[in-house]
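Engineer:
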Amino acid sequence: MIPTLVGVGAAVVVAVLVIATTRLGCRLAARRWPAVRHLERRSRIAFRVLVLMVALNPVLATVRPADAEAWWWTWGTTTARVLAIVAGGWFLTSVALFLEDAGLRHYRTDVTDNLAARRMRTQMLVLRRLTIAVAAIITLGAALLALPGVKAVGASVLASAGLLSVVAALAAQSLLGNVFAGIQIAFGDSVRLDDVVIVDDEWGWIEEITLTYVVVRLWDERRLVVPSTYFTTTPFQNWTRRRSELLGAVELDVDWTVDPGRLREQLAVALSTTDLWDGRAQVLQVTDAVGGWVRVRALVTASDAGRLFDLRCHVREHLVGWIRDNDAGVPRQRVEMVRDLARPEG
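According to the UniProt record's numbering, the sequence shown holds residues 1 to 346 in order.
1) Curious, which full-length beta strand (DSSP E) runs of at least 3 residues does the UniProt domain "Mechanosensitive ion channel MscS" (175-241) contain?
2) Return the chain-ordered list of same chain residues with a C-beta closer than 7 Å to the C-beta of residue 90, the five sequence neighbours on each side being excluded.
3) Across which residues does DSSP place residue 245 in a beta bridge pair?
4) With DSSP run on the structure shown, which of helix, strand or coil describes residue 253?
5) If you follow the beta strand (DSSP E) that residue 259 is in, where does it begin and where does it stop?
6) Between which residues of its own chain and residue 52 is the CB-CB distance below 6 Å, once the five residues before and five after are set aside?
7) Could you tell me the distance, in whole angstroms, from the CA atom of residue 303 to the CA atom of residue 313?
8) Going straight from the alpha carbon of residue 189 to that of residue 332, what length do you get?
9) Does residue 308 come out as helix, strand or coil in the three-state DSSP assignment?
10) With 16 as the cutoff for other CB atoms within 10 Å, does residue 181 come out buried or exposed?
11) Is DSSP giving residue 134 helix, strand or coil here?
12) Identify every residue that forms a DSSP beta bridge with residue 288.
13) Tell me, please, which residues DSSP counts as bridged to residue 301.
What follows is the structure, encoded as structure tokens:
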């Protein structure tokens, strides 16, 4: 009994020394790399349990009692083994998530030219969820294999594996399709976080991408939740896939008396009074002249979709106000009175 207690005590002391030394090293490293503090805080419990179980493992192997089949011994060793596996999986997952987060910090999305940052952030967030799911499955499987009698249960399950696999495949067809679609979206670069898209005639931004669904934040703050397979099987518009700059049009139906040259000057005036215009293009053309109206189209550019919408409204308001105040093309309906000369007199 005394050798057992001495061995357990020595193992605990070694574990405490390792934990204390590691914590001191993390605090020293955190002075230069502050992110280490988050890793130490996130994996503290898992690391302590893992170190303690690893230190106790040699002791349990050397103090194995004569009656090794006793229920208390079997329960104790199994519990220690499961705790070590769970703590190891937890610790490794925390380290993997820390490395992914550290890489993600180098890419900022609050700047103007954030195309590469949005691409990496989309991929890393999907990869993060995939890491958690895979780590949980592997840890659970390893813990189940450490339990006595699992192999016997597994043999009986494998006997009907053919039928179960067919049922599982049919039941999980939609889920697995969305999972693979989510991975394809993340690494296929068809859509990224903060991309401006039109989905089901709704205009909005990509707010969240998961393994099974995508959340689109609409212009009126509603949220449209779309299955991941939608973006791999259905055509949709992505306004910011390569660049965020956009070209927009403002169309007006005016009278034939309009002077396109003066209207073109007013377009320049409207653009000079706002910082929404990015200076790339300004064009005013008469695109149609049928049905008693002249259709004028103004093309303007902006740095992103939100600013383009506001710029179009600004240009439209300015041109409408100038046409109204100067009576320079206000739409009119004309009626011509013609005398019927073919009708006989008297």
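Note that CB positions come from ideal geometry on N, CA and C, so glycine has one too.
Structural biologist: Inspection of the coordinates gives the following:
1) For the UniProt domain "Mechanosensitive ion channel MscS" (175-241), the continuous beta strand (DSSP E) assignments of 3+ residues that do not extend past its boundaries occur at 196-199, 202-209, 213-218 and 223-227, in sequence order.
2) What you label residue 90 is simply residue 90 of the sequence shown in a count that begins at 1. So the list reads 46, once near-sequence residues are dropped.
3) If you number the sequence shown from 1, residue 245 lands on position 245. Residue pairing by DSSP places residue 245 opposite no residue, since no beta bridge is assigned to it.
4) Stepping through the sequence shown from its first residue, residue 253 is reached at position 253. It is a strand residue.
5) Within the sequence shown, numbered from 1, the residue matching residue 259 stands at position 259. Counting along the chain, residue 259 falls outside any beta strand (DSSP E), and DSSP gives it neither H nor E.
6) The sequence position of residue 52 within the sequence shown is 52, counting from 1. Same-chain partners within the cutoff: 15.
7) Position 303 of the sequence shown holds residue 303. Position 313 of the sequence shown holds residue 313. The C-alpha of residue 313 is placed about 15 Å away from the C-alpha of residue 303.
8) Here residue 189 refers to the residue found at position 189 when the sequence shown is read from its first residue. Here residue 332 refers to the residue found at position 332 when the sequence shown is read from its first residue. Those two C-alpha atoms are separated by around 51 Å.
9) Taking the sequence shown and counting its residues from 1, one reaches residue 308 at position 308. The answer is helix: DSSP assigns residue 308 an H, G or I state.
10) One-based indexing of the sequence shown puts residue 181 at position 181. Counting the other Cβ atoms within 10 Å of the Cβ of residue 181 gives 16 or more, which makes it buried.
11) The count along the sequence shown starts at 1 and reaches residue 134 at position 134. Helix.
12) Taking the first residue of the sequence shown as 1, we reach residue 288 at position 288. Under the DSSP definition of a beta bridge, residue 288 partners with 295.
13) Locating residue 301 in the sequence shown gives position 301, where the first residue counts as 1. According to DSSP, residue 301 shares a beta bridge with 247.
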